[in-house]
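Protein sequences appear in the order of chains W and D. If you want our numbering, it's the 1-based position in the first sequence plus 1002. If you want our numbering, it's the 1-based position in the second sequence plus 1002. We treat Cβ as the ideally placed atom computed from N, Cα and C, and that holds for glycine. Reviewing the structure listed below.
There are 2 protein chains.
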Amino acid sequence: MTNPTPSPVPTLRDVAQAAGVHTATASRALNPKTRQQISAETARRVMRAAQALGYQPNSVARSLKTSRSATVGLVIPDLTNPLFPPIVRGVESVLESDGYNVWIVNTDNDEERERAKIESLRSRQVEGLIVATARLDHPLLRQLHEQGVAMVLINRQVPDLPIPAVTGDDATGVAAAVGHLAELGHTRIAHLSGPLGTSTGRVRAQAFRHAVRDHGLADDPALVIECARWSEEDGAAALRELLARTTGFTAVVAGNDLIALGCYDVFAESGLSCPGDISVIGFNDMPFLDKLRPPLTTVAVPHHELGAEAARMLLDRIDDPGRPARSVLLPVTLVVRGSTAPPPGHHHEAADATASPPPAHPGNATAPST
Amino acid sequence: MTNPTPSPVPTLRDVAQAAGVHTATASRALNPKTRQQISAETARRVMRAAQALGYQPNSVARSLKTSRSATVGLVIPDLTNPLFPPIVRGVESVLESDGYNVWIVNTDNDEERERAKIESLRSRQVEGLIVATARLDHPLLRQLHEQGVAMVLINRQVPDLPIPAVTGDDATGVAAAVGHLAELGHTRIAHLSGPLGTSTGRVRAQAFRHAVRDHGLADDPALVIECARWSEEDGAAALRELLARTTGFTAVVAGNDLIALGCYDVFAESGLSCPGDISVIGFNDMPFLDKLRPPLTTVAVPHHELGAEAARMLLDRIDDPGRPARSVLLPVTLVVRGSTAPPPGHHHEAADATASPPPAHPGNATAPST
DNA sequence: TTGTATGCGTTATCAA
DNA sequence: TTGATAACGCATACAA
Chain W
1003 MTNPTPSPVP TLRDVAQAAG VHTATASRAL NPKTRQQISA ETARRVMRAA
1053 QALGYQPNSV ARSLKTSRSA TVGLVIPDLT NPLFPPIVRG VESVLESDGY
1103 NVWIVNTDND EERERAKIES LRSRQVEGLI VATARLDHPL LRQLHEQGVA
1153 MVLINRQVPD LPIPAVTGDD ATGVAAAVGH LAELGHTRIA HLSGPLGTST
1203 GRVRAQAFRH AVRDHGLADD PALVIECARW SEEDGAAALR ELLARTTGFT
1253 AVVAGNDLIA LGCYDVFAES GLSCPGDISV IGFNDMPFLD KLRPPLTTVA
1303 VPHHELGAEA ARMLLDRIDD PGRPARSVLL PVTLVVRGST APPPGHHHEA
1353 ADATASPPPA HPGNATAPST
Chain D
1003 MTNPTPSPVP TLRDVAQAAG VHTATASRAL NPKTRQQISA ETARRVMRAA
1053 QALGYQPNSV ARSLKTSRSA TVGLVIPDLT NPLFPPIVRG VESVLESDGY
1103 NVWIVNTDND EERERAKIES LRSRQVEGLI VATARLDHPL LRQLHEQGVA
1153 MVLINRQVPD LPIPAVTGDD ATGVAAAVGH LAELGHTRIA HLSGPLGTST
1203 GRVRAQAFRH AVRDHGLADD PALVIECARW SEEDGAAALR ELLARTTGFT
1253 AVVAGNDLIA LGCYDVFAES GLSCPGDISV IGFNDMPFLD KLRPPLTTVA
1303 VPHHELGAEA ARMLLDRIDD PGRPARSVLL PVTLVVRGST APPPGHHHEA
1353 ADATASPPPA HPGNATAPST
């Protein structure tokens, strides 16, 4: 019994025939927006015929005729990064209630693949794009924008392009992270930035330098290092390099949670204790961070809401392509857990961090800082 | 500068005109499968014209004409469950190299939504479906199968339906988990099963009973409890109920990793120590489990490979709908980490678990077992 | 090897 | 209120 029985798919013709009307009439009866042009009696007859036959409109034919598709594309760099599924859900939650469908594509951070996927989306008549793969230099997005494609960026932006964007308030988040560490008494804080070719990487790195200066802490370029990708591996490699430089830091602000997890790997292999020797802060608050050893202090970004807001903005844009490209920063919150603590040997009574900077301590196993 | 400039999309007519040929000729020249019918010279001319105009075939029109779409649908219950993104990537990895696109839809475990999404996929002419939402009683899948829809189930099956399926070898995985605990000296092991309306839930629960009997351990129905959903919350609730029953178990085999994480929550709130008081084993080996406190012992399922194999099987099925519905079990492996240890007070010298069952121990904080 | 004609299923314009 | 007709963009059977 392996052969499924084939079955003919009923078309509008079949419905019209069954109801004894013309296809045009059937079409009008089935479409809520034109149903008013039809007598209630025939409308009912058509709808019952459709019901009886199990008729489902063919969206392909409809798309060809109307050049619309009730579909938007969602361009994701890597679905296995836990940050993105909640964004997907947020997007879907508002789009679906509006009758839209969502086409999710993965670019795997590959430019060529991105181009191909977006071409594929466009050839399927998607009415707009929500793009999570933006880079600071992104000719493709410029080109799409110039072609009049309705777009909203999410999570990352392209500052030079007037495309609306929905992102977390990265700068404030990083400032909160640095402030927290400063209050704990840290004076030499490192930053493992994300890729500086992305706005998230660059904005967080800039905010880090600003925050460090604002708190009167060490502003040493050697304390900032870039990860080529937002990954655990790259985070681990960056921290190893930093430790090899022996720059005597006691805390790390990681570009995101995955980079922070890479730090955990280095701690395990090098015998460093967190937060005893080094404190770490992540970014995003991806799931299950509270169950890590130690639980990771991080900056929570409202990803679901990011997705929902981006979807709303895209709908607005599809409705009225001429509206100004307003961008939105959603508020983030520092979530303090167990990966941050005073630096080794810190005098615990010092709560007034800004007034009396605590002395540097050679207690860090990596190297003395002075 | 908020107004993107509109831009006309070139059609096959435009290309043909530019190349000085008829649309039919242009069509043949652009399609690698028919290009041979065309003189090399005109083919070149057409292709250059297409290139110059930036022509992209309209897949909607092509789909309408050919009633194919180079697209398959992937039906996921919940993308935020970390088990699914790797499956998605696996599916995409083989489908894309074959020129296919993947439409991912989320059902949120809701039957009505599932029906709507699948209808939407079908109305878009998808050529097949990879379904990860199978339930033991699933009229919709039966109906689709009877309509001749090309389908492959993934992760879960519907035993009564001759639809090919790709799943992990759940029974062997559970047996390995129970065997590991038995070797450690546990004699009363509980099982927090997943929903028994899914094959994964039922198969694992059955395998648990079998394994427990095979090892001569306590086969007490009170030690098995069903979680209504595969979630941390349901896992926590189930363990709380079990503890309230005071059935004196020293280990838990969780239906999956999320349920196991729910156990961690209960440990934290009740002061139980894992693995000191109770050992826990999960299922799936989702990411970052090695960084938990304690690192979770679990059964690793090759999700990427599951997705890839399902995609291959679907392609086979699209090519030849008549082929028999072979199903595949992919091997799983027990990954021993820190959440499993001998039961409290266990005499450590006992390595010969099967020959001399160790005595039960009242050391479990919840209740004495004898 | 190329051109002609037709139709995929639907909606929109026009006429009745 | 309903029907006839055309067209969306493409691929293909048939003719040349």
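_The beta strand (DSSP E) enclosing V1337 (chain W), as first and last residue numbers_ = Taking the first residue of the first sequence as position 1, residue 1337 (chain W) is located at position 335. Start and end: T1335 to V1337.
*At 8 Å on the CB atoms, spell out the chain W contacts of E1235 (chain D), in chain order.*
Within the second sequence, numbered from 1, the residue matching residue 1235 (chain D) stands at position 233. None at all; the shortest Cβ gap to chain W is about 13 Å.
*Got a sec? Which residues, its chain only, sit under 7 Å from R1242 (chain W) by beta carbon, not counting five neighbours each side?*
For the purposes of this step, residue 1242 (chain W) is taken as the residue at position 240 of the first sequence. These residues qualify, in order along the chain: V1268.
*Using a Cβ-Cβ cut-off of 7 Å (strictly less than) and excluding sequence neighbours within five positions of D1100 (chain D), which residues of its own chain qualify?*
Translated into the one-based positions of the second sequence, residue 1100 (chain D) becomes position 98. Closer than 7 Å at Cβ, skipping near neighbours: L1317.
*Strand pairing of V1214 (chain D), partner residues [DSSP]*: Your numbering for residue 1214 (chain D) matches position 212 in the second sequence. Beta-bridge pairing links V1214 (chain D) to no other residue.
_Integer-rounded CB distance, given that G1278 (chain W) should sit under 8 Å from D1260 (chain W)_ = The residue you call residue 1260 (chain W) lines up with position 258 of the first sequence. The residue you call residue 1278 (chain W) lines up with position 276 of the first sequence. It is worth fixing the name first, because residue 1260 (chain W) is Leu in this sequence and not Asp. Not quite, the Cβ-Cβ distance comes to about 23 Å (not below 8 Å), so this is no contact.
*asked:* Buried or exposed for D1287 (chain W), going by 16 or more other Cβ atoms inside 10 Å?
replied: Taking the first residue of the first sequence as 1, we reach residue 1287 (chain W) at position 285. With 16 or more other Cβ atoms within 10 Å, it is buried.
*So, do the stretch 1101–1121 of chain W and the stretch 1160–1178 of chain W have three or more beta carbon pairs nearer to each other than 8 Å?*
no
*Beta-carbon of T1300 (chain D) versus every beta-carbon of chain W: anything under 9 Å?*
Translated into positions along the second sequence, residue 1300 (chain D) becomes position 298. T1300 (chain D) does not count as touching chain W.
*Helix, strand or coil: which one does DSSP assign to E1235 (chain W)?*
Taking the first residue of the first sequence as 1, we reach residue 1235 (chain W) at position 233. If DSSP states are grouped into helix, strand and coil, E1235 (chain W) belongs with the helices.
_As assigned by DSSP and simplified to three states, the class of A1220 (chain D)_ = Residue numbering aside, residue 1220 (chain D) sits at position 218 when the second sequence is read from its first letter. DSSP places A1220 (chain D) in coil when its eight states are reduced to three.
*Identified DSSP bridge partners for E1228 (chain W)*: Along the first sequence, one-based indexing puts residue 1228 (chain W) at 226. Its beta-bridge partners are W:S1195.
*asked:* Quick check on the burial criterion: 16 or more other C-beta atoms within 10 angstroms. Buried or exposed for P1364 (chain D)?
replied: The count along the second sequence starts at 1 and reaches residue 1364 (chain D) at position 362. Low confidence applies here, because P1364 (chain D) scores a pLDDT of 31, under 50, leaving its location unreliable; read the following figure in that light. By the C-beta density criterion, P1364 (chain D) is exposed, having fewer than 16 other C-beta atoms within 10 angstroms.
_With a threshold of 9 Å between beta carbons, is P1161 (chain D) in contact with chain W?_
For the purposes of this step, residue 1161 (chain D) is taken as the residue at position 159 of the second sequence. No, no contact with chain W.
*Between the stretch 1120–1142 of chain W and chain D, which residues of the former have a C-beta closer than 8 Å to a C-beta of the latter?*
For the stretch 1120–1142 of chain W, the set of positions with a beta-carbon nearer than 8 Å to some beta-carbon of chain D reads E1121, S1122, R1124, S1125, R1126 and Q1127 in chain order.
*Cross-chain neighbours of N1060 (chain D) in chain W, by beta carbon under 7 Å*: Here residue 1060 (chain D) is taken as the residue at index 58 of the second sequence, counted from 1. Neighbours of N1060 (chain D) on chain W, chain order: S1125.
*Hey, could you find the ends of the alpha helix (DSSP H) G1250 (chain W) is sitting in?*
Residue 1250 (chain W) sits at position 248 when you count from the first residue of the first sequence. Taken as a continuous stretch (DSSP letters only), G1250 (chain W) belongs to no alpha helix (DSSP H), as it is neither H nor E.
*With a threshold of 16 other CB atoms inside 10 Å of the CB of H1140 (chain D), please say whether the residue is buried or exposed.*
Looking up residue 1140 (chain D) in the second sequence gives position 138. Buried: at least 16 other Cβ atoms inside 10 Å.
*Whole beta strand (DSSP E) runs in the stretch 1073–1152 of chain D with 3 or more residues, listed along the chain?*
Here the runs fully enclosed are 1073–1078, 1103–1108 and 1130–1133.
*Considering only the beta carbon of each residue, do L1336 (chain W) and A1178 (chain W) sit closer than 9 Å?*
Mapped onto the first sequence, residue 1336 (chain W) falls at position 334. Mapped onto the first sequence, residue 1178 (chain W) falls at position 176. A contact, by the Cβ cut-off of 9 Å.
_To the nearest angstrom, how far is the alpha carbon of V1048 (chain D) from that of V1023 (chain D)?_
Residue numbering aside, residue 1048 (chain D) sits at position 46 when the second sequence is read from its first letter. Residue numbering aside, residue 1023 (chain D) sits at position 21 when the second sequence is read from its first letter. In a straight line, the C-alpha of V1048 (chain D) is about 8 Å away from that of V1023 (chain D).
*Closer than 9 Å, CB to CB, is V1090 (chain D) near chain W or not?*
Taking the first residue of the second sequence as 1, we reach residue 1090 (chain D) at position 88. At a cut-off of 9 Å between beta carbons, V1090 (chain D) contacts chain W.
*Alpha carbon to alpha carbon, how far is A1192 (chain D) from L1263 (chain W)? Give it in angstroms, no decimals.*
By one-based count along the first sequence, residue 1263 (chain W) stands at place 261. By one-based count along the second sequence, residue 1192 (chain D) stands at place 190. Cα to Cα, L1263 (chain W) sits roughly 32 Å from A1192 (chain D).
*Partner residues on chain W for T1082 (chain D), Cβ-Cβ distance less than 9 Å*: Translated into the one-based positions of the second sequence, residue 1082 (chain D) becomes position 80. In chain order: P1084, P1087, P1088, V1090, R1091 and P1289.
*Could you work out which residue in D:G1187, D:H1188, D:L1186 and D:V1205 is closest to S1195 (chain D) when comparing CA atoms only?*
Position 193 of the second sequence holds residue 1195 (chain D). Answer by Cα proximity: D:V1205.
*Give a yes or no on contact between the stretch 1043–1063 of chain D and the stretch 1082–1098 of chain D, applying the rule of three or more CB pairs nearer than 8 Å.*
no
_On the DSSP letters alone, give me the boundaries of the beta strand (DSSP E) that L1331 (chain W) sits inside._
As a first step, residue 1331 (chain W) is located in the first sequence; it is residue number 329 there, counting from the start. Segment V1330 to L1332, the beta strand (DSSP E) holding L1331 (chain W).
*Work out the CA separation of A1152 (chain W) and R1117 (chain W) for me, nearest whole Å.*
Stepping through the first sequence from its first residue, residue 1117 (chain W) is reached at position 115. Stepping through the first sequence from its first residue, residue 1152 (chain W) is reached at position 150. Near 16 Å, if we compare the C-alpha coordinates of A1152 (chain W) and R1117 (chain W).
_Of the listed residues W:A1240, W:S1071 and W:L1032, nearest to Q1053 (chain W) (C-alpha basis)_ = Stepping through the first sequence from its first residue, residue 1053 (chain W) is reached at position 51. For Q1053 (chain W), the nearest C-alpha among the options comes from W:L1032.
*Where G1181 (chain W) and E1228 (chain W) are concerned, what is the direct C-alpha to C-alpha distance, given to the nearest angstrom?*
For the purposes of this step, residue 1181 (chain W) is taken as residue 179 along the first sequence, with counting starting at 1. For the purposes of this step, residue 1228 (chain W) is taken as residue 226 along the first sequence, with counting starting at 1. One C-alpha to the other measures close to 21 Å.
*Which term fits A1313 (chain W), buried or exposed, when burial requires 16 or more other beta carbons within 10 angstroms of its beta carbon?*
Here residue 1313 (chain W) is taken as the residue at index 311 of the first sequence, counted from 1. Looking at its Cβ environment, which holds 16 or more other Cβ atoms inside 10 Å, A1313 (chain W) is buried.
*Using Cβ-Cβ distances below 8 Å, what residues of the stretch 1030–1049 of chain D are close to chain W?*
none
_Contact list for L1294 (chain D) against chain W, beta-carbon separation under 9 Å_ = The sequence position of residue 1294 (chain D) within the second sequence is 292, counting from 1. Ordered by position in chain W, the residues that pass the 9 Å Cβ test against L1294 (chain D) are F1290, K1293, L1294 and R1295.
*C-alpha gap between N1289 (chain D) and P1084 (chain D), whole angstroms*: Locating residue 1289 (chain D) in the second sequence gives position 287, counting from the first residue. Locating residue 1084 (chain D) in the second sequence gives position 82, counting from the first residue. According to the sequence shown, residue 1289 (chain D) is Pro rather than Asn. Their Cα atoms are separated by approximately 7 Å.
*Excluding five sequence neighbours on each side, which residues of the same chain lie with their C-beta closer than 6 Å to the C-beta of I1040 (chain W)?*
As a working mapping, residue 1040 (chain W) is identified with position 38 in the first sequence. Within the same chain, I1040 (chain W) has close Cβ partners R1030 and A1031.
_Does K1067 (chain D) pass the burial test, meaning 16 or more other C-beta atoms within 10 Å, or should it be called exposed?_
The count along the second sequence starts at 1 and reaches residue 1067 (chain D) at position 65. With fewer than 16 other Cβ atoms within 10 Å, it is exposed.
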